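Counting along the sequence shown from 1, when you hit position 209 you're at 232 in this note's numbering, and nothing is skipped either side.
Positions of the beta carbon are idealized from the N, C-alpha and C atoms, including for glycine.
A quick note: this is a predicted structure, and the numbers were derived from the prediction, not measured.
Worksheet: one structure, shown below.
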Amino acid sequence: MSPTTSTILISSLATGTIITMTSYHWLLAWIGLEINTLAIIPMISTRHHPRSTEAATKYFLTQAAASAMILFSSTTNAWYTGTWDITQMSTTPSHILLTTALAMKLGLAPVHFWLPEVLQGSTMTTALVITTWQKLAPMSLIFMTVNNLSPTMLMTIGLFSSMIGGWGGLNQTQTRKIMAYSSIAHLGWMSTVTSIMTNILVVNLLIYLIMTTTMFYSLTLSKSKTIQNMSTSWTISPMLTTTMMLTLLSLGGLPPLTGFAPKWLILEELTMQNLILLATMMAMSSLLSLFFYLRLTYTTTLTLSPNTTQTKHKWRFKPMKPTLPLTIFTPMTIIMLPMMPTIIY
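Structure representation (structure tokens):
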């Protein structure tokens, strides 16, 4: 892709998200989402391969359907109440439609099927954009309409997502699909706490973005597209392999790493609201996710791939990608737990 084209696409992507995040009128928010979708489709289909074309088509169809549903819910609301204000989504049919549409935009269960397929057909960089930047606009709409959305529906979707995110990732061998199911599970946790405490939602989203960026960047640098690639990544850089292990454990939510904080805060908040059963089920579902993170950790750092003395080192060139982002994000992924009280309050 030429620099001019990529500049136009990236600036359109940023503009679309910012328009949605700063709008108070439903039509403006919808326009922002459409710009966002149209900017990322060429980025998905750059490889001129049937799989990337299929991924771009699937992404377009699901996002277009979700955008149409958002427009329909806002029109229905305007018809009942006479206002296009985003914060005044007060009619029941409208907010149920809106929750379903935003769940589809984010890739929450039970409308999550497009996410693993689209990520598998994209490059690592595009997959990173889809799992991080593309979540900001729908999340900002949830944040603005949270007072009018149904808490029961959000919690049910959240529980389903965290369970399906755990179960779906168990049988995968492709790292992008594993990261897709990881994304579904994390967004499920966010959906569960949305109607209870938005502060925790923002903190969780921030930590999720940092951890996912670190993981994708590590996978890009080590060129690991499957678990088999990860088992030989120690020959490229032992230090990178170690940081990947810690990032995976942080994604799994093990203390004393950063990823433990959002799970801890959400479970505490659910217990305080007397939602004991939901908290227990969420904690149990995180064990499923933890299993496949631990499996990746094990294959990356604790096993040596069968090799002879002649093939000890992978053939490798000097990495072309800058490693500065990884230097910034890795410490934040691993050692930000003590800063949590400062960030929340």
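Q) So, using beta-carbon positions, are V134 and A78 closer together than 8 Å? A) Along the sequence shown, one-based indexing puts residue 134 at 111. Along the sequence shown, one-based indexing puts residue 78 at 55. Taking 8 Å as the Cβ cut-off, V134 and A78 do not qualify as a contacting pair.
query: So what does DSSP say about T196, is it helix, strand or coil?
result: Reading the sequence shown from its first residue, position 173 is the one you call residue 196. T196 falls in the coil class under three-state DSSP.
_Cutoff 6 Å; reference S206; Cβ partners in own chain excluding five residues on either side_ = Here the question's residue 206 lines up with position 183 in the sequence shown. Same-chain partners within the cutoff: T154.
> Applying the criterion that 16 or more other CB atoms from any shown protein chain within 10 Å of the CB defines a buried residue, is G144 buried or exposed?
Replying inline: As a working mapping, residue 144 is identified with position 121 in the sequence shown. Result: buried.
Counting only the same chain and skipping the five closest in sequence on each side, list residues whose C-beta sits under 8 Å from that of F360. The sequence position of residue 360 within the sequence shown is 337, counting from 1. According to the sequence provided, residue 360 is Leu. The question's Phe does not apply to it. Hits under 8 Å: P278, P279, L280, T281, F283, A284.
Test item: CB-CB of I223 and I289 under 8 Å
As a first step, residue 223 must be located in the sequence shown, where it is residue number 200. As a first step, residue 289 must be located in the sequence shown, where it is residue number 266. Taking 8 Å as the Cβ cut-off, I223 and I289 qualify as a contacting pair.
For my contact list, T270 and T356 are in at a C-beta cut-off of 8 Å; report their separation, rounded to the angstrom. Here residue 270 is taken as the residue at index 247 of the sequence shown, counted from 1. Here residue 356 is taken as the residue at index 333 of the sequence shown, counted from 1. Yes, T270 and T356 are in contact; Cβ-Cβ is about 5 Å, under 8 Å.
Self-check item: CA nearest to the CA of L349, picked from N297, M262, M363
Solution: By one-based count along the sequence shown, residue 349 stands at place 326. That would be M262, whose Cα lies nearest to the Cα of L349.
Note to self: Only counting the same chain, and skipping five residues up and downstream in sequence, which positions put a Cβ closer than 6 Å to that of K286?
What the structure shows: Counting from 1 along the sequence shown, the entry for residue 286 is found at position 263. G276.
Give me, in chain order, the residues of the same chain whose beta-carbon lies closer than 8 Å to that of I18; leave out the 5 immediate sequence neighbours on both sides.
Because residue 18 is not part of the residues shown, which for the chain are 24 to 368, the question remains open.
_I'd like the list of long-range same chain contacts for H209, defined as Cβ closer than 7 Å, with 5 residues on each side in sequence excluded._
Translated into the one-based positions of the sequence shown, residue 209 becomes position 186. Correct list, in chain order: Y231.
Q) How many Å lie between R70 and A126 at the Cα? A) Reading the sequence shown from its first residue, position 47 is the one you call residue 70. Reading the sequence shown from its first residue, position 103 is the one you call residue 126. Rounded to the nearest angstrom, the two C-alpha atoms are 28 Å apart.
Whose C-beta lies closer than 6 Å to the C-beta of A132 among residues of the same chain, with five residues either side of it excluded?
-> Taking the first residue of the sequence shown as 1, we reach residue 132 at position 109. Correct list, in chain order: F183, S184, I187.
(request) Would you tell me roughly how many angstroms separate the C-alpha atoms of Q296 and T217, rounded to the nearest one? (result) Against the sequence shown, residue 296 aligns to sequence position 273. Against the sequence shown, residue 217 aligns to sequence position 194. C-alpha separation (whole angstroms): 13 Å.
Inset, instruction - Quick one: grab the DSSP three-state call for T249. - result: Indexing the sequence shown from 1 puts residue 249 at position 226. Three-state DSSP puts T249 in a strand.
Out of S29, M112, I67, T198, point me to the one whose CA is closest to V169's CA.
-> Here residue 169 corresponds to residue number 146 of the sequence shown, with the count starting at 1. Of the listed residues, the one whose Cα sits closest to V169 is M112.
- [ ] Reducing DSSP to helix, strand and coil, say where M48 ends up.
- [x] Here residue 48 is taken as the residue at index 25 of the sequence shown, counted from 1. Correcting the residue identity first, residue 48 is His in this sequence and not Met. The answer is strand: DSSP assigns H48 an E or B state.
Cβ atoms of T322 and K248: under 8 Å apart, would you say?
Along the sequence shown, read from residue 1 onward, the residue named residue 248 stands at position 225. Along the sequence shown, read from residue 1 onward, the residue named residue 322 stands at position 299. Their beta carbons are not under 8 Å apart, which means K248 does not touch T322 by this criterion.
Problem set entry | Enclosing alpha helix (DSSP H) for M362 [first to last residue] | Position 339 of the sequence shown, counting from 1, holds the residue named residue 362. Looking at the DSSP string, M362 is not in any alpha helix (DSSP H), and its letter there is neither H nor E.
Original post:
How about T1 and N100: are their beta carbons less than 8 Å apart?
Top reply: What is shown of the chain runs 24 to 368, which leaves residue 1 out entirely.
| For the 8 Å Cβ check, are there 3 or more pairs between the segment 231-241 and the segment 250-267? | yes
ask   = How many whole angstroms separate the CB atoms of W107 and H48, which I take to be in contact at a CB cut-off of 8 Å?
value = Start at 1 with the first residue of the sequence shown, and residue 107 comes out as number 84. Start at 1 with the first residue of the sequence shown, and residue 48 comes out as number 25. So it is a contact: roughly 5 Å between Cβ atoms.
* Asked: Which residues in the same chain have their Cβ closer than 6 Å to the Cβ of A44, if we skip the five residues on either side of it in sequence?
  -> As a position in the sequence shown, residue 44 is number 21, starting the count at 1. According to the sequence shown, residue 44 is Met rather than Ala. Excluding residues within five positions, the ones whose Cβ falls inside 6 Å are S163.
Can you tell which of P65, N59, L319 has its C-alpha closest to the C-alpha of N20? The structure shown does not extend to residue 20, since the chain is modelled only from 24 through 368, so no value can be given for it.
- Query: Between which two residues does the alpha helix (DSSP H) containing S260 stretch?
  - Reply: To locate residue 260, count along the sequence shown from 1; it is residue 237. Taken as a continuous stretch (DSSP letters only), S260 belongs to no alpha helix (DSSP H), as it is neither H nor E.
> Alpha carbon to alpha carbon, what distance is there between P139 and T104?
Replying inline: Residue mapping note: residue 104 aligns to position 81 of the sequence shown, counting from 1. Residue mapping note: residue 139 aligns to position 116 of the sequence shown, counting from 1. About 38 Å.
Spatial distance of N171 from G130 (CA atoms): Taking the first residue of the sequence shown as position 1, residue 171 is located at position 148. Taking the first residue of the sequence shown as position 1, residue 130 is located at position 107. If I take the Cα positions, the gap works out to 21 Å.
- In terms of residues, what are the limits of the alpha helix (DSSP H) holding M11? The requested residue 11 is not part of the displayed model; the chain covers only 24 to 368.
Please go through the same chain and pick out, in chain order, the residues whose beta-carbon is closer than 7 Å to the beta-carbon of K246, but skip the five residues on each side of it. Numbered from 1 along the sequence shown, position 223 holds the residue referred to as residue 246. Result list for K246: N252, in chain order.
ask   = With 16 other CB atoms within 10 Å as the buried threshold, where does S90 fall?
value = In the sequence shown, the residue the question calls residue 90 occupies position 67. Looking at its Cβ environment, which holds 16 or more other Cβ atoms inside 10 Å, S90 is buried.
Sorted by chain position, which residues of the same chain lie with C-beta nearer than 6 Å to T294's C-beta, five sequence neighbours on each side aside? By 1-based counting over the sequence shown, the position of residue 294 is 271. Excluding residues within five positions, the ones whose Cβ falls inside 6 Å are A302.
Check: What separation, rounded to the nearest whole angstrom, lies between the Cα atoms of G39 and M343?
Finding: Against the sequence shown, residue 39 aligns to sequence position 16. Against the sequence shown, residue 343 aligns to sequence position 320. Each residue's alpha carbon lies about 30 Å from the other.
inquiry  = I need the boundaries of the alpha helix (DSSP H) containing S308, first residue and last residue.
reply    = The residue labelled residue 308 in the question sits at position 285 within the sequence shown. Element bounds for S308: 299-320.
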